[in-house]
Structure formats: structure tokens, C-alpha cells
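Chains as they are written, first to last, in my numbering: chain A, 2 to 693; chain B, 210 to 525; chain C, 30 to 326.
Beta carbons: idealized from backbone N, C-alpha and C, even for Gly.
Computed from a prediction, not measured in an experiment: that's the story for all the values here.
This report refers to the structure that appears directly beneath it.
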Amino acid sequence: MSQKLLEVDGLTTGFRTRAGQFVQVVRNVSLSMGRGETLGLVGESGCGKTTFGMTLLGHLRPGGQVLAGSVRFEGVDVFDLPPDELASIRGQRVAVIPQSASSALTPTMRVGEQIAEVLTLHLGLAGAELEERVLELLAQVHLPQVDELVRRFPHELSGGQLQRVAIAMGLAGRPELLVLDEPTTGLDVTTQAHILDLLREIQESTGTAMLYISHDMGAIARVCDRLAVMYAGEIVEDGAIDDVFADPVHPYTRGLLGSVPRLSYAGLPQAMAGRPPAPGEDAVGCAFVPRCAFADETCRTIDPALEPTDRKGKIRHLVQCHHWQRVVASGPSGQMRDLKAGLDQDAEAEPLLELTEVDITYAKRGLAALVARWRGEPEPPTTVSGFTITIHRGETLALVGESGSGKSTIARTIAGLLPPRAGRIDFGGQDLASTVESRPAEMHHRIQIIFQNPDASLNPRHTVKQILDAPLRLYFEMDGKGRLDRSGALLEEVRLTPRYLERHPGQMSGGEKQRVAVARAFAAEPDLVLCDEVTSALDVSVQAAVLELLAGLQADRGAAYLFISHDLAVVRAIADRVAVLYQGRICEVGPVADIYAPPYHPYTETLLAAVPEPVPGARAQLLAKDVQEAEPPARGCCFQRRCPRRIGSICDDETPPSQLAAEGHVIRCHIPLEELRESQVDLISLSSVATH
Amino acid sequence: MVKLIVQRLIFSVITLTIVAIVVFAMTDLLPGDWATAYFGRWATEAGLAAMREEYGLNRPATERFAEWLSNALQGDFGASLSRNEPVVELISFRLRNSLLLGGLAALFTIPLATLLGIIAGLRRDRTPDVIISTGSIVGMSTPEFVIGTLLIWILSVGLGLFPSITLLNPDAPIADLLPNVVMPTVTLTIASSAYLLRMVRTITINVLTSDYVEMATLKGLPRARVVFRHALPNILLPTINIMALMLSGLLGGTFVVEVVFNYPGLGRALVDAVSFRDVPMIQAIALLWAVMYVFFNLGADLVTTFLDPRLRSLRG
Amino acid sequence: MRSLSAVPKRLAQSLGWIAQVWRSLRRSRQGTIGLIIVIVHMFIAVASPYIVPYAHHDIDGKNRLAAPSAEHPFGTDSFGRDLFTRVLLGGRAAIGVALLAAAIAVLWGGLLGILLAFIGGRVDEVVMRFVDALLAIPGLLVVLLIVVALGTEFSVLILTLGYAYGVSTIRVARGAALGFVASDFITAARARGERKTNIVLRELIPNLLDVLLVEYVMRASWALTAISSLSYLGFGIAPPTPDWGRMVFENQVLLAVSPWGTLFPVIALASLIIGINLAGDALSKAIGLDRSQEAPT
Ligand SMILES: Nc1ncnc2c1ncn2[C@@H]1O[C@H](COP(=O)(O)OP(=O)(O)OP(=O)(O)O)[C@@H](O)[C@H]1O
Ligand code: SF4
Ligand code: SF4
Ligand SMILES: [Mg+2]
């Protein structure tokens with residue numbers, strides 16, 4: 002191939018801030034792509050991935066400007082094109098598939114029309130031919146009942162379906178290059194696995210080149226042949242995906258890969274120190290200096306350039322580091338640490354919290370229910386039903402399941418924010434009142450919550466000092482001085498300095514904010530901490546640090562955790578026992594080692610199979626059907642509609658029995674344990690080998 | 210859909226009932242009853258007693274409210290105290306005149322403000338926007354009587370184009386009214402355009418910076434299609450409710466303008482009624498305005514529900 | 030006893046917030062212009078009794094309807110009263126009424142709106158239906174009725190306008206508070222077992238101060254329009270107190286003979302309201318931004 006499909010040369014883009022100076026977001030990026038190539042672009046949030054991806058379509062967000070360099074598509078600089086010629090490239094030669102399809106589709110237009118307009122514009126289709134092609138495209142992305150679906154509006158589709166529509170829209174103009182900006186972020190793991198398979202399939206059948214932007218190494222591993230790593234707006238490493246994964250050269254790549262929790266190891270990876278520079282915090286020399294163990298005077302004064310590593314057997318592996326030889330020589334990176342090592346697991350610990358046959362519903366009551374019925378609002382189904390579980394002192398019970406499975410609902414009920422409709426909750430051997438208000442004051446400090454998003458859970462108008470003051474003032478008789486000292490000590494415990502006391506949440510990074518939220522919970526000296534997706538909003542590079550912090554505090558303080566998460570790798574690292582929840586019903590519960598080995602409940606099995614591990618070429622083996630569940634079925638097994646192992650009408654009609662697979666390990670399924678054992682493979686050991 | 214309309218109607222009826230109670234209470238229960246209010250300083254015990262007797266003011270308020278409401282529902286608002294004619298007759302022509310004024314003002318305001326708002330949003334922070342936005346702040350800030358007075362000074366005193374004040378009777382033919390309605394209409398258009406315009410501008414900016422407009426651009430669609438097919442419906446939908454508020458303002462908040470130009474509409478009549486403590490007249494006009502307000506909001510809700518696919522399927 | 034040493038720090042924090050708002054205001058040209066206009070007006074309102082050349086009721090019988098001159102910089106009205114004096118003094122009453130009325134409106138309307146959002150449920154639904162009904166009656170009509178019944182004393186005007194604008198403030202404050210009531214930091218406070226008053230005072234209200242501030246500025250400008258319109262109609266600030274609105278009414282019929290008596294009060298009134306709106310607009314723009322990006326790290 003003489004001419005590359007895409008050539009980016011020394012591209013620098015920036016924004017003008019309100020203070021008037023330029024802030025560089027993409028910095029001196031050079032990169033090329035051949036026809037049919039699939040290139041993954043990873044990096045932490047805010048490093049400029051989206052900004053870069055959009056420049057391939059000649060697009061800059063408001064205020065943006067190209068400061069240097071060029072983006073050439075088949076030799077033509079897209080930023081030199083007059084608007085009408087640029088428009089003819091967009092959608093037809095280069096198409097974009099957006100991150101959040103639900104906000105990227107126009108709410109007032111039917112999805113069919115939004116696809117059709119691309120076909121009309123770029124391919125000149127009309128009439129019956131046009132209609133036929135729209136249906137074809139929708140079928141190509143495996144959407145059901147396409148005849149009816151074309152006439153729907155975006156809000157009438159599920160997240161996964163919307164993402165498929167967006168993909169169909171991107172494919173409509175038969176582009177040579179697709180820019181995919183986090184196309185699966187925010188989707189459930191099963192849906193994500195389906196979409197990733199679809200993308201691979203499209204790539205194979207159409208030969209379209211793809212730039213796949215993501216922060217998720219696992220997703221990229223499933224789709225891409227080549228990987229570029231972005232840090233602070235620069236490409237720091239670029240090579241074949243097998244090479245980069247097997248043998249990362251740049252310290253940042255090594256840190257990033259090393260911080261991804263893996264299904265195949267029971268431990269937690271090493272977190273990276275520090276945080277990326279904010280745009281505009283440009284210093285001379287290498288941007289990675291503050292976080293780099295190999296940094297020296299050269300790094301501080303001279304900008305490294307992206308250069309080939311020229312190692313034998315490797316095709317074009319580029320790195321931007323002065324000392325990559327030294328880095329490589331330092332041996333393999335990424336130590337996994339077992340958080341549980343050294344802790345003696347006391348299996349006989351006494352029960353702390355016991356939930357018995359708890360039902361929770363968001364249905365209205367009394368007059369409001371009557372009004373709702375009269376208005377014709379459908380009666381909401383019981384969100385959580387027959388929920389029975391015990392959390393022992395000092396243990397971590399993980400609650401896993403897809404979004405909407407009722408995980409947070411259970412946490413809210415335990416916290417006393419949402420009274421259950423039926424069932425019983427005991428805490429420390431005593432009946433626990435159903436609302437916070439009705440619980441005795443000395444009870445309050447014993448149960449604490451940490452939320453998913455620290456931006457929302459910390460009051461933006463309070464300083465860290467005020468935030469930590471609240472539980473201290475409420476629960477303990479302390480004077481101002483005592484509280485101040487205690488706050489300082491708490492910050493030390495979460496590895497922050499007392500300097501943070503005067504800061505507002507807006508002045509801290511995501512990881513720092515989450516540490517403050519952890520400190521606030523532990524200020525209360527709780528017996529039980531409800532951790533609701535506490536690391537989901539964080540970059541992987543800081544996630545490990547927060548998890549390690551939680552594990553350490555538990556060892557010191559002996560608090561029990563209800564650890565809610567959708568991430569099975571994280572759960573494996575931190576949990577003692579796991580409960581798998583589907584539609585508010587427990588499918589499987591047991592010690593962590595038993596959950597991650599056969600026999601699995603069919604739902605657990607599909608979840609594990611769907612997790613994208615950062616292993617190039619890996620593919621999901623067995624997946625649950627990608628259908629949207631509006632509400633749980635009235636009878637039978639809750640998983641019946643999506644179960645790939647469904648055995649017949651018994652699943653629809655009869656509640657599955659609780660089968661005891663090992664001590665404390667219960668699987669609720671009609672398939673006998675023996676049969677499950679025989680038909681299932683060990684997904685964990687499987688996921689660590691590539692299956693090309 | 211039918212259910213929704215019925216539900217909205219019921220809510221409107223509830224609102225109107227509360228309005229009726231409040232209007233009645235405010236005119237009736239404030240210190241001093243009609244009679245003292247009517248006679249003012251010249252009240253004599255005998256006169257008061259006679260009047261109370263005549264209008265049944267000695268009966269309990271609830272009883273009088275029930276009677277007033279049931280009469281009002283049948284279109285009978287009693288007799289004006291100052292004119293001794295049925296309120297309905299006094300009102301009907303003035304209502305026509307006010308509708309003429311408000312309707313004309315709306316006719317200019319809605320397209321003008323929407324257009325300018327969208328232009329300002331499209332050309333955000335550029336010259337057209339700066340001019341339109343600053344102009345709208347000036348228009349919005351200047352009290353109606355100031356705009357009116359300035360118009361009189363320039364257009365009728367200076368240029369002699371229009372009569373400065375109306376000297377016609379309320380039942381004058383529309384053709385005769387037309388020259389007189391020009392300046393009040395211009396005043397109202399200037400004052401009310403500013404609000405609508407600013408709202409439309411904000412909505413336009415939000416829609417234009419939305420992901421779906423960016424996506425439509427990245428599909429390579431021509432700018433015109435992006436603006437008219439993708440953005441415009443989403444700009445206009447939320448505008449409908451604001452237009453309803455503005456309409457009810459134009460039909461019910463015009464007394465200052467009507468007084469400035471001595472225009473024979475409801476507002477002018479209301480101010481007179483207030484001066485004369487003409488309670489039946491006040492009650493009738495206040496209720497009429499509230500009905501219009503509720504009616505326009507109801508209309509806007511129904512129109513939006515009908516047009517917006519999200520609301521349509523949400524509310525079945 | 031809560032430690033007193035916390036007080037200066039609190040004060041410094043809130044001053045810091047004001048300083049930040051001030052800085053962002055100054056950054057916009059419109060905001061700066063508006064602010065200057067408002068400051069000039071406020072100065073005149075406070076200082077005018079000491080700087081006016083005549084008393085507002087002094088009559089210069091020889092000079093009626095005079096054009097501006099050295100003796101009477103703005104001319105005189107039909108009685109021969111000095112217009113410069115009357116224009117400088119003519120804003121005091123209206124401004125005072127408007128500022129106080131807006132404060133009352135934002136105080137009770139804002140508080141009630143926030144409480145409704147926090148309480149939610151049926152109480153909220155019922156009260157809001159009532160508020161909706163009140164909003165269906167034009168505000169100025171309500172004010173007219175009350176003023177006619179109770180008289181035009183300042184206290185009546187202030188309370189009545191404060192009531193009328195409070196009703197519409199309920200909506201705004203409730204809408205803004207609703208955005209926070211469901212947020213996690215409020216949930217966290219509830220789960221912690223905080224008392225409800227503490228949640229409202231410590232967690233909720235600090236986040237709504239800026240909305241209420243903008244609301245106050247806007248309401249003050251509307252109240253000024255309303256009180257001037259009332260005076261124009263003859264139901265507001267009563268003679269002999271000089272007032273811009275009333276002056277426009279008195280001199281309007283003489284526009285053809287001598288426009289000065291109309292023109293100067295019009296300029297004074299319009300410039301003040303425009304100034305307030307320019308400043309308020311810049312203020313809300315400044316606050317609408319993501320202020321976390323503005324904070325020094
Ligand atoms: N219009 C804009 N004006 C000013 N700064 C902007 C603008 N758009 C983006 N930025 C800044 O540029 C940086 C890079 O943004 P970008 O969206 O490209 O990052 P990203 O790598 O895609 O992040 P994420 O993983 O969170 O999507 C961020 O710090 C962002 O705040
Ligand atoms: S150039 Fe220096 S600081 Fe930068 S990554 Fe290499 S070793 Fe680290
Ligand atoms: S009971 Fe049936 S449907 Fe449910 S998990 Fe088992 S096989 Fe699947
Ligand atoms: Mg992005």
C-alpha cells in the first residue's frame with residue numbers, strides 16, 4: 002500500500018480558556034493508519050482521546066483550534082477543505098460512532114429516518130431501495146423486528162439497541178474509517194460483549210478501518226490489532242497489540258496495564274502513583290516525570306520523541322521515552338498482591354447483618370397508589386424479592402449484577418432510606434427499624450454508605466474539613482480542636498495530607514475525592530460500610546489504590562463491607578463471599594473461590610464469559626441473550642428469558658430449587674449440579690489464554 | 210390520550226376553583242366590605258345598612274361565595290356598582306378590544322421573538338447576538354409605561370402619525386379602533402418579545418451544543434438540515450409552554466398599557482373599577498383573566514404532549 | 030458552645046465567595062457597565078438629600094415649564110418645581126420599596142420553595158397546586174387590590190410586593206432545590222441520621238445561595254418596575270413624595286409643550302432598571318459556569 006488511509010502529522014490542538022491563554026489538549030501527535038487496520042487508543046479520562054478522534058473528521062468542539070500539524074485523509078488535509086467538501090467526507094469516508102447513543106440520536110426523529118438521511122445524502126438512495134437498505138443495516142447489527150423498529154423514537158429503545166442503531170448509522174455511508182468513541186462504556190457487560198463481537202464481525206466482513214477509543218484495555222483487546230497509548234495529549238507508545246500487551250515499553254503503559262484487575266488472578270494489581278497533569282499544566286520535559294520511577298534530569302529538561310524500539314521480531318513498535326531500554330531491562334511490571342494474604346479468615350465470625358425474605362418495591366402506597374392507578378401508570382414490579390443474606394462481622398460480601406438488578410436498592414434499604422415492603426432485618430442480633438428516623442441515635446454511626454460518584458456525594462460547597470466534621474459532630478462528643486485533630490488523622494489514614502482540609506471537592510481529583518468519602522465513612526467508626534460501586538467512576542490507575550485502602554481499613558478496623566459492584570475482577574480481589582443478583586433475586590451465593598469455579602449458575606457463567614480480559618484476541622464463549630428486561634417474570638426462574646441453558650417450561654413455571662454445591666455455596670437452578678459441572682468449563686483459567 | 214386530556218381538565222378545574230376562592234376572598238374579605246368601600250369617607254350608617262341589605266352582605270361569606278360562583282358559571286356577574294349595568298354587558302366589548310390588542314401583539318411577538326432568539330443562539334457571542342441580547346435586556350428592563358410614553362412623544366407628538374390617546378367608546382367598530390391600537394401593540398411587542406427571545410436563545414444554545422446536533426454535523430449533513438430537521442423541533446417544543454405564559458400575560462397583564470393610551474379594554478376598565486371599588490366588575494375581570502391563563506397553559510400542555518414523541522409515549 | 034474561632038473563618042469563606050462572584054462579574058463588559066450604573070444610582074439615592082439645590086416642593090412661580098438652564102439644570106415642571114431636585118430625589122422611595130420587597134420575597138418564597146422540594150410528597154403537591162392557582166391571577170392585580178384596601182403606606186407596598194413576588198419565587202427556588210434534594214450528598218446526610226433542619230441549613234441552602242442571589246437581583250428590578258407602574262397609575266407612592274413613575278404621569282400630557290418633565294425621570298428609571306438587569310444577567314452567567322474550574326488548585 003503506497004498511500005496510507007490516514008496520516009496525522011505533528012498535530013497539536015488547543016482551546017482558548019476564558020483567561021485568554023491557549024491550553025493544549027492534543028500535543029504533537031503523529032500517527033498513521035492503513036486500510037482495514039483496527040487501532041485502539043487508550044488513556045485516562047481527560048487525556049484528549051475524544052478531542053483527537055474528532056479531528057479525524059475535521060471537527061473541533063467549540064473554542065477549539067488546530068495550532069500545528071495536519072490530519073490527512075488519503076493525502077488530503079481535512080482542515081484545509083472547504084466546508085462542503087469536508088461534509089462529503091464526513092459520514093461517507095469517515096464516520097463516527099458516539100459514546101452515548103442515547104444523547105447522540107435526535108430525540109424527535111425516528112431512528113429509521115436518522116439512518117436513512119445518511120443513505121440519501123451520501124449514496125443518493127431513495128424510495129423502496131432506501132427503505133430496504135435501512136432494514137438491511139438494522140439487521141446487520143442484529144436488531145430484532147426491524148420492520149417495526151425503524152418507526153421507533155430513540156427513547157423507545159434500550160441502551161444496547163441504541164448503540165446498535167448508532168453503529169448502523171455509522172456503517173450506512175460505507176465509510177473507510179470508523180471512529181468509535183467509547184462505544185460500550187456505560188453498557189452492561191453482556192451487552193458490551195455482544196457489541197464487541199458485532200464490531201469484530203463488521204470489521205471482518207467490510208474491511209473498514211477502525212479507530213477504537215476507550216479507557217478499557219479489555220474491550221480494545223477484543224477488537225483491535227494495534228494499540229496506541231495516549232498520555233496528557235501525546236502518544237507515548239504505539240505498536241501491535243500483542244507486542245504492547247506482552248511487552249509494554251513505556252512506564253505509563255506498563256503502569257496502566259498493570260493496574261487493570263484481572264479475573265484470572267485473585268489479587269489486586271498495583272495502582273499508579275500521582276495523577277495526570279491537567280491541560281495547561283505543561284512543563285518542559287516528559288509529561289510523565291511526576292509519576293515515573295525512572296525519571297532523571299534528562300527527563301525533566303528534554304522532551305522525549307516518539308521513536309522506534311527496533312527490537313528483533315517486532316514490527317514497528319514506537320515509544321516516547323528517553324530510558325526505555327532501562328525500563329525494559331528492569332524486568333516485567335505489575336505485581337499482583339493478594340489482599341487477603343496474611344489475614345486469617347475466621348469462618349465462624351458472628352453474624353452482623355441478617356436480611357430475611359426481604360421484598361422491596363418502589364410502588365406508591367395509599368392515596369398516591371390510587372392516583373397512579375387512575376392515571377394508568379403501570380404498577381411497578383417488586384424490585385427485590387425474597388432477599389435473604391447474612392453478613393458476618395469483618396467480612397466483605399459482594400453483591401454483583403447488571404444495572405437495574407436492585408443492588409443499590411438493597412443498600413438503600415439497609416441504610417434505612419427505603420423501607421422494605423416485607424421481611425425482616427436484624428443487626429447485631431437485634432431487629433433493625435426500617436427507617437433511619439426510627440432507629441435509635443446510637444445506631445446511626447454503625448452503618449455507613451460510600452457512593453459511586455464522589456462528585457455527587459460530597460457537598461460541593463463544603464470544605465473537606467466541614468465534610469469530615471459532620472459525622473464527628475453528630476456521633477461523638479468532641480470539641481472543635483478534637484474534631485480538627487481527628488479529621489487530620491483520618492486524612493492521613495486515607496493517604497491524604499491535612500493540607501486538604503481547606504479544599505473544596507472541586508479542587509481535588511476523582512481519586513482524592515473518593516478517599517475523602519472513605520474517610521467520612523470511617524470517621525463514624527462503623528461496623529458495616531455499604532460500598533456502592535465505589536470505584537466505578539474512577540480511572541483504573543487509581544481504582545486499585547482505593548480498593549487497597551478499603552482492604553487496609555477493614556483489616557485495621559474490623560468493619561464489614563457490603564461491596565456492590567458490576568466488575569467481577571474487582572469483586573474477586575476484594576470479596577470473601579459473593580451474591581449474584583438478577584432482577585432482584587439471588588441466583589447464586591457462596592465463598593468467592595466457589596463462585597469463580599464451576600459449577601456456575603448459568604447467569605454467573607454468562608457474566609464471567611462476557612468480561613473482556615486484556616488478552617488480545619479473546620472472545621466471549623457463551624452469552625446471555627441481549628434482551629431488555631422490563632420487569633421480572635411473574636413465575637419460575639428470574640433468568641428464564643435470557644438463559645442460554647434454559648431446559649424447558651419448568652424454568653418458566655417453577656421456582657428453581659436452592660442446590661447446595663459446597664458449604665455455603667448455593668445455586669438456584671433447575672439443572673442438576675452434576676450436569677452443570679459436566680457441561681461447564683473453567684472460565685477463569687480459560688480467560689487467561691488467547692483464543693484466536 | 211383521552212385519559213390525559215381528562216386528567217389535565219380536572220387539574221385545570223381544581224386550579225380554577227382555587228382561583229375563584231382567592232379572587233372572591235381577596236375582594237370580599239379585605240378590611241371593610243363593599244359597602245364601606247363604595248361609600249368611602251361619605252358613608253352613613255343608614256346608607257351602609259341599606260346597601261348591605263340590598264346586596265345581602267350580612268349573610269355568611271360562604272353562602273355569598275356559593276351564590277356568586279353559581280351565578281358566574283351561568284354568565285351572570287351581577288351589576289356594576291358604578292354604572293348600575295350588568296357587568297357582562299360592560300365587559301363584552303372591552304374583552305373584544307383587549308383580545309384585539311393582545312392578539313395583534315402576540316401575532317408580532319411570537320414570530321419576531323422566536324426568530325431573533327434563534328438567530329442570537331446560532332450566532333452566539335458574535336455581533337448579531339450581542340446586538341440582539343443587549344437590545345432584549347433594554348426592552349425587557351424598560352417599564353411599559355416608559356416605552357408607551359416615549360412612543361407617544363416620538364410618534365404622535367413629534368411625527369403626528371397616530372393619535373396619542375384613544376377617545377373612542379368601547380363599542381366603537383374595529384375599523385375605527387385600528388389606528389389607536391398601533392402604539393399599544395408596539396409597546397406590548399417590545400416589552401414581551403424580550404422575555405420570549407431570551408428564553409428561545411438559551412434553549413437554542415443548549416440544543417446546538419447537544420450531542421445529537423454534533424452527531425448530525427458529523428454525519429456530513431448540510432447545515433440547513435442540521436438546523437431545521439434536527440435542532441428546530443427540539444428548540445420549538447419547550448418554547449410552546451413559554452409562549453402560553455406570554456400569551457396569557459398579553460391578554461391579562463395589559464392594564465398599564467391600556468391606561469397609558471386610554472385604550473378601552475379590560476385593563477383600563479379594571480383600573481377604573483379598582484378606583485371606584487366596583488367589586489363585581491373586579492371579580493369578573495380577574496376571573497376572566499385567570500380562566501385565560503389556565504386555558505392557555507392547558508392548551509400548551511396538550512400541544513406539547515401531542516407533538517413530543519417522548520411525552521406521547523410516556524403518558525400513553 | 031461552638032467555638033467562636035470558626036466565625037472569622039466562615040466569614041472569610043463567604044467573603045471569598047463574594048469576591049469570586051465579583052471577579053466574574055467584572056470580567057464581563059456588560060456586567061461592569063451595569064454595576065457602575067447601579068452604584069451611581071445607589072450613591073445618588075443615599076446622597077441626594079444633601080446635594081439637591083432646592084427642596085422638592087419649592088415653587089419658582091416665574092419659571093414654569095422652563096427648559097434646562099443654569100438655574101434649573103433639568104428645567105421645571107408646570108408648578109415651577111425644580112426637576113433636577115425632583116429627579117435626584119425621585120428614586121429614593123421606589124428603590125427602597127423595591128429592595129425591601131425583593132428581600133422579603135426571596136426570603137419567604139425562597140425558603141418555602143426549598144422546604145417544599147425537601148419535603149416532597151403530598152404536601153409539596155398540594156401547596157404547588159395552590160401556588161399555581163395564585164400565579165393564574167396577574168400579580169399586579171393582586172397588588173392593586175390590596176393597596177386599594179389597605180392604603181399606600183410604604184409598609185403596605187413593601188409587604189404586598191414582597192408577597193406577590195414571593196409566590197413566583199417559590200417555583201424558582203423549588204425547581205433549583207429539586208436538583209439537589211435527590212443528590213447523593215443529601216442522601217448521605219439522611220443516612221447519617223442528620224436532623225432535617227441541619228440538612229436544609231447546612232447541606233441544601235449553601236448550594237442555593239447563588240440562585241437566590243440572582244433571583245433577588247431580578248426580583249428587585251421587577252419590583253422597581255412594578256412600584257413605578259403603580260405610582261404611574263396612581264396607586265403607588267403618593268404625592269407629595271417625588272417619584273419617577275408619578276412624575277411621568279404628571280408631565281406626560283405636557284409632552285408637546287415641555288418634554289423635560291417626562292424625559293428626565295424616564296431616563297433615570299430606565300437606566301437604573303437596565304443597569305440592574307445587565308449586572309444580574311452577567312451575574313447569572315458567571316454563576317451558571319462550572320465554578321470548580323475557576324477555583325485555584
Ligand atoms: N470545548 C472545550 N473547551 C475547553 N476545554 C475542553 C473542551 N473540550 C475538552 N476540553 C478539555 O480537553 C481535555 C481532553 O478532553 P477529551 O474529551 O478529549 O478527553 P478524553 O480523553 O476523551 O476523556 P474521557 O475519557 O473522559 O472521555 C479535557 O481536560 C477537557 O476538559
Ligand atoms: S522520559 Fe523519563 S520520565 Fe518520561 S517516561 Fe521515560 S523515563 Fe519516565
Ligand atoms: S432455572 Fe432454567 S432458566 Fe433459570 S438458570 Fe436454570 S436453566 Fe436457566
Ligand atoms: Mg472522551
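Here S215 (chain A) is not near E238 (chain A), since their CB atoms are 7 Å or more apart.
If you look at C652 (chain A), you'll find it in the alpha helix (DSSP H) that goes S650 to D654. In this structure, P599 (chain A) sits away from F246 (chain A), with a CB-CB distance that is not shorter than 7 Å. Not flagged as an interface residue toward chain B: L469 (chain A), since no C-beta distance is shorter than 7 Å. With the rule of 3 Cβ pairs closer than 8 Å, the stretch 256-275 of chain A counts as touching the stretch 544-563 of chain A.
With the criterion CB distance below 5 Å from any heavy atom of ligand 2, the matching residues run A:P252, A:C287, A:F289, A:V290, A:C293, A:F295, A:A296, A:C300, A:P305, A:C322, A:H323 and A:H324 along the chain.
Here the alpha carbons of A493 (chain B) and S404 (chain A) stand approximately 56 Å from one another. 7 Å or more divides the Cβ of Y213 (chain A) from the Cβ of I203 (chain A). In this structure, L258 (chain A) sits away from P252 (chain A), with a CB-CB distance that is not shorter than 7 Å.
Contacts between S212 (chain C) and chain A, judged by CB atoms closer than 7 Å, involve A457 in chain order. Straight through space, the alpha carbons of L307 (chain A) and H318 (chain A) are spaced by roughly 10 Å. Within the same chain, T318, L321, A322 and G348 come within 7 Å of S402 (chain B) by CB-CB distance, once the 5 residues on both sides are set aside.
Along the stretch 281-305 of chain B, none of the residues has a CB nearer than 7 Å to a CB of chain C. The shortest C-alpha to C-alpha distance from L430 (chain B) to any of A:D486, A:A88, A:R586 and A:E177 is the one to A:A88. Within the DSSP secondary-structure output, Q431 (chain A) pairs in a beta bridge with A:F428. Contact annotation: in the stretch 409-432 of chain A, no residue has its CB less than 8 Å from a CB in chain B.
Interface annotation, H567 (chain A): not in contact with chain C, CB-CB separation never under 7 Å. Counting only residues of its own chain and dropping the five nearest sequence neighbours on each side, L144 (chain A) has a CB closer than 8 Å to the CB of L150, Q162, R165, V166 and A169.
Taking every protein chain shown into account, the CB of S406 (chain A) has 16 or more other CB atoms within 10 angstroms, so this residue is buried. Between K408 (chain A) and I648 (chain A), the C-beta gap is not smaller than 7 Å, which leaves the two residues out of contact.
Following the DSSP letters along the chain, one finds Q25 (chain A) inside the beta strand (DSSP E) bounded by residues F23 to M34. When DSSP reads this structure, T605 (chain A) sits in no beta bridge, so it has no partner. For the stretch 111-137 of chain A, the residues whose beta carbon sits under 9 Å from a beta carbon of chain B are, in order, R111, E114, Q115, E118, V119, L122 and H123.
Residue contact with chain A for N280 (chain C): absent (no Cβ-Cβ distance below 7 Å to any residue of chain A).
Separation of the CB atoms of M231 (chain A) and V359 (chain A) is rounded to 46 Å, and the pair is thereby denied contact status at 8 Å. With contact defined as three or more Cβ pairs closer than 8 Å, the stretch 219-238 of chain C and the stretch 322-335 of chain B are not in contact.
Under the Cβ distance rule, I374 (chain B) does not count among the residues neighbouring chain C, no pair being separated by less than 7 Å. By the Cβ-count criterion, S197 (chain C) is buried, with 16 or more other Cβ atoms from all chains shown falling within 10 Å of its own Cβ. Using a C-beta cut-off of 8 Å, the stretch 139-150 of chain C makes contact with the stretch 186-206 of chain C, since at least three inter-stretch Cβ pairs fall below that distance. Per DSSP, reduced to three states, the secondary structure at D577 (chain A) is coil, with no helix or strand assignment. Counting the other CB atoms within 10 Å of its CB gives H86 (chain C) a total below 16, which places it among the exposed residues.
Using a CB distance cut-off of 7 Å, T224 (chain B) counts as an interface residue toward chain C. Excluding five sequence positions before and after E494 (chain A), none of the CB atoms of its chain fall closer than 6 Å to its own CB.
The three-state secondary structure of C532 (chain A), taken from DSSP, is strand. At a C-beta separation below 8 Å, V171 (chain C) has these neighbours in chain B: M235.
Excluding sequence positions up to five before and after R573 (chain A), its CB lies within less than 7 Å of the CB of L264, A267, V593 and Y597, all in the same chain and listed in chain order.
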